[in-house]
Ligand SMILES: C[S@@+](CC[C@H](N)C(=O)[O-])C[C@H]1O[C@@H](n2cnc3c(N)ncnc32)[C@H](O)[C@@H]1O
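Numbering (the working numbering), first residue to last: 1 to 214.
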């Protein structure tokens with residue numbers, strides 16, 4: 001029998017995970033390590049934020065509560081519907097139901113501008129590993145000159161998620177992919193990594209601050 005496997009490149013794959021309650025990464029609240037990072041001296045005080053692959057939007061909402069104008073993207077309807085409800089309550093949080101690979105600063109609906117900050121938690125790690133270059137091209141397209149990509153990269157060198165997203169990546173691969181395109185300004189080890197339904201994230205996540213080289 002020819003049973004076609006869904007791939008994470010399409011929203012139906014994610015729809016299935018949300019519907020079946022296999023959204024193991026979802027903390028049901030803002031990521032504690034992000035709330036801590038807000039107090040870090042290197043966390044930008046202001047600037048517009050893009051959140052690709054925002055899921056239900058807990059972290060996007062946290063950025064908006066901090067006072068930033070935020071656009072949060074997800075292409076999966078279940079996640080998007082939730083995200084949209086959060087955005088209905090906040091003037092400075094906008095939800096966009098589109099494929100992040102289509103984002104274009106010149107196309108007014110998706111979303112027609114560049115950003116000072118791109119926040120990534122489980123976004124780079126969730127796309128198919130074969131699309132990592134394409135993802136970095138999207139970052140370059142969407143970030144302003146001198147803008148900052150804040151990558152909460154997880155899982156690092158950890159195979160607990162197995163052959164499913166979020167996919168593990170090594171620090172070495174991150175270095176090779178980003179170095180020379182972005183200035184890697186800082187690597188921060190969070191002190192209060194969360195525990196999700198797969199396990200404790202302590203030791204398998206790092207916050208990388210990536211400044212666009214102009
Ligand atoms: C592992 S979840 C992480 C969600 C959220 N960032 C978090 O940490 O809770 C990955 C999310 O990215 C979304 N996603 C994956 N590929 C996408 C794409 N190409 N365009 C837009 N959203 C995408 C999925 O629908 C899913 O909600």
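For every residue, glycine included, the Cβ atom is placed at its ideal position computed from N, Cα and C.
Segment limits, beta strand (DSSP E) that includes residue i
i, result
"residue 95", "93-96"
"residue 17", "First-last for residue 17: 11-19, but that is the alpha helix (DSSP H), not the beta strand (DSSP E)."
Strand pairing of residue i, partner residues [DSSP]
i, result
"residue 73", "52, 96"
"residue 160", "BP columns for residue 160 are empty, so no partner."
"residue 187", "208"
"residue 150", "119, 209"
"residue 200", "195"
"residue 104", "111"
"residue 182", "179, 212"
Among the options, the one whose alpha carbon lies nearest that of residue i
i, options, result
"residue 178", "214, 133, 113", "133"
"residue 22", "38, 78, 61, 39", "78"
"residue 67", "102, 58, 48", "48"
"residue 94", "100, 50, 120, 126", "50"
"residue 141", "195, 117, 128, 157", "117"
"residue 120", "189, 195, 147, 53", "53"
"residue 125", "108, 184, 157, 109", "157"
"residue 206", "64, 83, 139, 194", "194"
"residue 57", "40, 155, 29", "29"
"residue 35", "86, 26, 61, 12", "61"
"residue 9", "159, 129, 192, 169", "129"
"residue 25", "161, 175, 189", "161"
"residue 40", "65, 191, 144, 163", "191"
"residue 32", "201, 212, 171", "201"
"residue 14", "169, 188, 99, 86", "99"
"residue 159", "188, 185, 203, 184", "203"
"residue 55", "81, 184, 102", "81"
"residue 90", "65, 175, 198", "65"
"residue 196", "17, 42, 27", "27"
"residue 86", "143, 176, 59, 76", "59"
"residue 186", "5, 37, 144", "37"
Segment limits, alpha helix (DSSP H) that includes residue i
i, result
"residue 63", "58-65"
"residue 35", "32-37"
"residue 171", "171-178"
For residue j and residue i, believed in contact at Cβ under 8 Å, the rounded distance
i, j, result
"residue 149", "residue 122", "Residue 149 to residue 122, Cβ: 14 Å. No contact."
"residue 74", "residue 97", "7 Å"
"residue 166", "residue 155", "6 Å"
"residue 208", "residue 153", "6 Å"
"residue 111", "residue 71", "5 Å"
"residue 147", "residue 212", "5 Å"
"residue 103", "residue 138", "6 Å"
#### Entry: Whole runs of the beta strand (DSSP E) within the stretch 112-144, excluding any shorter than 3 residues
115-121
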